[in-house]
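Enquirer:
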Amino acid sequence: MGKVVVVTSGKGGVGKTTSTAALGAAVAKTGKKVALVDFDVGLRNLDLIMGAERRVVFDLVNVIQGQAKLSQALIRDKRVETLFLLPASQTRDKDALTEEGVGEVIDK
Numbered sequence: 001m002g003k004v005v006v007v008t009s010g011k012g013g014v015g016k017t018t019s020t021a022a023l024g025a026a027v028a029k030t031g032k033k034v035a036l037v038d039f040d041v042g043l044r045n046l047d048l049i050m051g052a053e054r055r056v057v058f059d060l061v062n063v064i065q066g067q068a069k070l071s072q073a074l075i076r077d078k079r080v081e082t083l084f085l086l087p088a089s090q091t092r093d094k095d096a097l098t099e100e101g102v103g104e105v106i107d108k
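With the working numbering, the residue at position 50 of the sequence shown is 50, and numbering never jumps.
1. Applying the criterion that 16 or more other CB atoms from any shown protein chain within 10 Å of the CB defines a buried residue, is A73 buried or exposed?
2. So, for K108: in the same chain, excluding its five sequence neighbours on each side, which residues have a beta-carbon less than 6 angstroms away from its beta-carbon?
3. Starting from A35, follow its DSSP beta bridges and name the residues at the other end.
4. Helix, strand or coil for R92? Go by DSSP, reduced to three states.
5. Beta-carbon separation of V57 and A88 under 8 angstroms?
6. From D95 to V102, what distance separates their C-alpha atoms?
7. Suppose you measure from the CA of V6 to the CA of E100; what does that come to, to the nearest Å?
8. Buried or exposed: V63, going by 16 or more other Cβ atoms within 10 Å of its Cβ?
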């Protein structure tokens, strides 16, 4: 397993999504594989920031609930070959995130 970096805050609008996208892209540009996982169920924005909003087919909740494989849900960035995005669900409730399911995704 690689390293996990979490960007979090209780306040909205402070730059978490922008910082996450920038940090992920910077690390990926060094040649390391990076997977950005958006956990903001119902209010996702990371796919918008990364220009991938029209490429979302499956999301984090689909993977947790076994409706899609992680490989199906990951979206490769068009600019940085080693950068991937796993978008949050736009339509599901946060209750769909279970500790076990989230742990399994992170461990992959």
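Virtual Cβ for every residue (Gly too), placed ideally from N, Cα, C.
Expert: In brief:
1. In the sequence shown, counting from the first residue as 1, residue 73 sits at position 73. Buried, by the Cβ-count rule.
2. What you label residue 108 is simply residue 108 of the sequence shown in a count that begins at 1. If we look at K108 and ignore the five residues flanking it on each side, its Cβ neighbours are L70.
3. Taking the sequence shown and counting its residues from 1, one reaches residue 35 at position 35. For A35, which the question treats as bridged, DSSP gives the partners F84.
4. On the sequence shown, residue 92 is found 92 positions in, with the first residue counted as 1. In the structure shown, R92 sits in coil (DSSP, three-state: anything other than H, G, I, E or B).
5. Sequence index remark: in the sequence shown, residue 57 carries index 57 (1-based). Sequence index remark: in the sequence shown, residue 88 carries index 88 (1-based). 8 angstroms or more divides the Cβ of V57 from the Cβ of A88.
6. In the sequence shown, counting from the first residue as 1, residue 95 sits at position 95. In the sequence shown, counting from the first residue as 1, residue 102 sits at position 102. So the two alpha carbons sit approximately 12 angstroms from each other.
7. Here residue 6 refers to the residue found at position 6 of the sequence shown. Here residue 100 refers to the residue found at position 100 of the sequence shown. So the two alpha carbons sit approximately 17 angstroms from each other.
8. Here residue 63 refers to the residue found at position 63 of the sequence shown. Buried, by the Cβ-count rule.
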